[in-house]
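Here is the structure we will look at.
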Amino acid sequence: MDLRGAGRDVARKMDLERTLRAHATREEGIRFVDAANRTKAAFTSGAFGGQGPIADLEILRADLSRILFEATYPHAEYLFGDEITQPSDTGKGADGTFRNGPGRAFDLVAADGARSRTRDLIFGDTTDIRPVGLTTAYFTIPREPPRTAPGPARTTPLGDARPPCAPTPGHHPRLPVLALPASRR
Numbered sequence: 031m032d033l034r035g036a037g038r039d040v041a042r043k044m045d046l047e048r049t050l051r052a053h054a055t056r057e058e059g060i061r062f063v064d065a066a067n068r069t070k071a072a073f074t075s076g077a078f079g080g081q082g083p084i085a086d087l088e089i090l091r092a093d094l095s096r097i098l099f100e101a102t103y104p105h106a107e108y109l110f111g112d113e114i115t116q117p118s119d120t121g122k123g124a125d126g127t128f129r130n131g132p133g134r135a136f137d138l139v140a141a142d143g144a145r146s147r148t149r150d151l152i153f154g155d156t157t158d159i160r161p162v163g164l165t166t167a168y169f170t171i172p173r174e175p176p177r178t179a180p181g182p183a184r185t186t187p188l189g190d191a192r193p194p195c196a197p198t199p200g201h202h203p204r205l206p207v208l209a210l211p212a213s214r215r
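In structure tokens, the structure reads:
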């Protein structure tokens, strides 16, 4: 996950930016290659002032979740195994009706992700998703020994037989991988 803008501001206010940086993937960039392993496009983490496709502060979702949970559980109540079915704004907070438990009052209701059910309950189905014939998958694989040259440790070329994969360098023991299945157009 990229940590930018308001997310970075919140991390600073929570005094977590240093901890997040210590667990960041430290990706150097990404490159896309053809069947002959020739670079067709490349972006470093500093591209576009750090606001390009690779942010200067990226962290795996599981690491971010763990860090946020550990920092907040002494001060916040977490409810697991249930979901809000009807949130309502009270002007001073929010009331929530739950699928499996009693209704509750909260200071804040959070909705993560563009396709969050909670987000849809609060804002309606406002997410405009338009198919463009391309699917992206992110996953991790065990990292190989450190490399000295920038660029992906391993790539699969663009083509119909398999998706191109662009592992990116960094320090994390699991290697973040971006897979872009080839379009059949």
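Its first residue numbered 31, the sequence shown is counted upward by one per residue in this note's numbering.
Each residue gets a CB set at the ideal place from its N, CA and C atoms; glycine is no exception.
No experiment lies behind these values; they were computed from the predicted model shown.
query	result
May I ask you to report which of helix, strand or coil DSSP gives residue 187?	Summary for residue 187: the model assigns pLDDT 46, below 50, so the residue's position carries little reliability, and this model does not support an answer.
Give the straight-line distance between the Cα atoms of residue 137 and residue 38, rounded to the nearest whole angstrom.	22 Å
Let me know the alpha helix (DSSP H) ranges lying completely inside the region 32 to 87, each 4 residues or longer, listed in chain order.	35 to 43, 47 to 52
When burial is assigned at 16 or more other CB atoms within 10 Å of the CB, is residue 180 buried or exposed?	Bear in mind that a pLDDT of 46 at residue 180, under 50, signals an unreliable position, so the number given afterwards is only what the model happens to contain. With fewer than 16 Cβ atoms within 10 Å of its Cβ, residue 180 is classed as exposed.
With a Cβ-Cβ cutoff of 8 Å, do residue 113 and residue 128 count as a contact?	yes
Give me the Cα-Cα distance between residue 119 and residue 130, rounded to the nearest whole angstrom.	21 Å
May I have the straight-line CA-CA distance separating residue 75 from residue 58, to the nearest angstrom?	5 Å
Is residue 97 closer than 8 Å to residue 55 when the C-beta atoms are compared?	no
Taking only three categories from DSSP, how would you classify residue 140?	coil
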